[in-house]
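The next block holds one structure in the form of structure tokens; read it before the comments.
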Amino acid sequence: MTQTASRPVDAAALDTLFLQAHTHNAWHDRPVDDATLHRLWDLARMPPTAANTQPARLLFVRGADAKDRLRPTLSPGNVDKTMAAPVTVIVAQDLEFYEKLPQTYPQTDARSWYVGKPEVIADNATRNSTLQAAYVLLAARALGLDTGPMTGFNADAIKAAFFPDRPWTANMLINIGYGDPSGIRPRNPRLSFEEACEIL
Numbered sequence: 002m003t004q005t006a007s008r009p010v011d012a013a014a015l016d017t018l019f020l021q022a023h024t025h026n027a028w029h030d031r032p033v034d035d036a037t038l039h040r041l042w043d044l045a046r047m048p049p050t051a052a053n054t055q056p057a058r059l060l061f062v063r064g065a066d067a068k069d070r071l072r073p074t075l076s077p078g079n080v081d082k083t084m085a086a087p088v089t090v091i092v093a094q095d096l097e098f099y100e101k102l103p104q105t106y107p108q109t110d111a112r113s114w115y116v117g118k119p120e121v122i123a124d125n126a127t128r129n130s131t132l133q134a135a136y137v138l139l140a141a142r143a144l145g146l147d148t149g150p151m152t153g154f155n156a157d158a159i160k161a162a163f164f165p166d167r168p169w170t171a172n173m174l175i176n177i178g179y180g181d182p183s184g185i186r187p188r189n190p191r192l193s194f195e196e197a198c199e200i201l
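Note that the working numbering has the sequence shown beginning at 2, numbered continuously upward.
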């Protein structure tokens, strides 16, 4: 495949990804099929993580039984919108991500950078799975889905309910589906460049 320089996307793409996109809290009763979820991951897995560690693991909670297991782990304000969403993605971080490094970063022994170093492992897993959660959100928007990211949940309860025997911890939840515009709240102010940025 020929490598080409990055080029700007058009105004419609900027609207879809950033300018007109909103967090959704109400949802149409329209399912998200398996093929769309596969396509979402095919897109979200492509942007970078440190040394290609890819620590995020996604659980797509869609069925009624799975939603019932998720319900008691949620903060009260997140229950109704999550139960109504066609899919809720648990973005977890794998604390043994380094075991995949011989596959994902084969040019050197990157596994040795992490083995036996729990603080380094935790730092990388949190930073890079959070980065991957943002990629999931943007990939979903790019596929015509609406999103509602959340951090209001009990991570220990999610672990017990969904992956008690895996070295995973929950980082973020993202509701995805086809949003009902009636649930959109006015956008709150964003910080200006002058308030948030410096050029040195």
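Glycine included, C-beta positions come from ideal geometry on N, C-alpha and C. Note that the structure is predicted; figures quoted are calculated from it, not measured.
Per DSSP, cross-strand counterpart(s) of residue i
i: aspartate 110; result: Answer is none; aspartate 110 lacks a bridge partner.
i: glutamine 94; result: Ala57 and Thr170
i: tryptophan 28; result: Gly180
i: phenylalanine 154; result: Leu75
i: threonine 89; result: Val62 and Asn176
i: aspartate 147; result: Gly178
Buried/exposed call for residue i, threshold 16 Cβ in 10 Å
i: serine 183; result: exposed
i: leucine 192; result: exposed
i: alanine 93; result: buried
i: glycine 64; result: exposed
i: threonine 54; result: buried
i: methionine 173; result: buried
i: threonine 5; result: exposed
i: glycine 180; result: buried
i: threonine 109; result: exposed
i: threonine 117; result: Checking the sequence shown, residue 117 turns out to be glycine, not threonine. The residue is exposed, with fewer than 16 neighbouring Cβ atoms inside 10 Å.
i: phenylalanine 98; result: buried
i: leucine 20; result: exposed
i: leucine 201; result: exposed
i: alanine 123; result: exposed
i: alanine 126; result: buried
Supposed close pair residue i, residue j - CB separation, criterion 8 Å
i: valine 137; j: leucine 59; result: 7 Å
i: glycine 149; j: histidine 25; result: 5 Å
Beta-carbon spacing of residue i, residue j below 9 Å
i: aspartate 147; j: alanine 141; result: yes
i: leucine 71; j: isoleucine 159; result: yes
i: threonine 74; j: alanine 197; result: no
i: alanine 45; j: asparagine 129; result: no
i: threonine 83; j: asparagine 189; result: no
i: proline 87; j: valine 33; result: yes
i: glycine 178; j: histidine 29; result: yes
i: alanine 143; j: alanine 14; result: yes
Nearest neighbour of residue i, chosen from the options [CA to CA]
i: glycine 145; options: Lys118, Arg31 and Thr5; result: Arg31
i: alanine 1; options: Leu15, Pro190, Ala197 and Arg186; result: Here the chain covers residues 2 to 201 and nothing more, so residue 1 does not appear.
i: threonine 170; options: Val121, Leu96, Glu195 and Gln108; result: Leu96
i: threonine 131; options: Ala51, Ser7 and Asp166; result: Ala51
i: alanine 36; options: Pro48, Phe61 and Ala22; result: Phe61
i: glycine 78; options: Pro49, Ala12, Pro103 and Asn155; result: Asn155
i: isoleucine 91; options: Leu15, Gln133 and Glu199; result: Gln133
i: methionine 47; options: Ser76, Glu199, Thr105 and Thr89; result: Thr105
i: alanine 85; options: Pro119, Ala67, Glu100 and Leu102; result: Ala67
i: proline 119; options: Phe194, Pro168 and Pro107; result: Pro168
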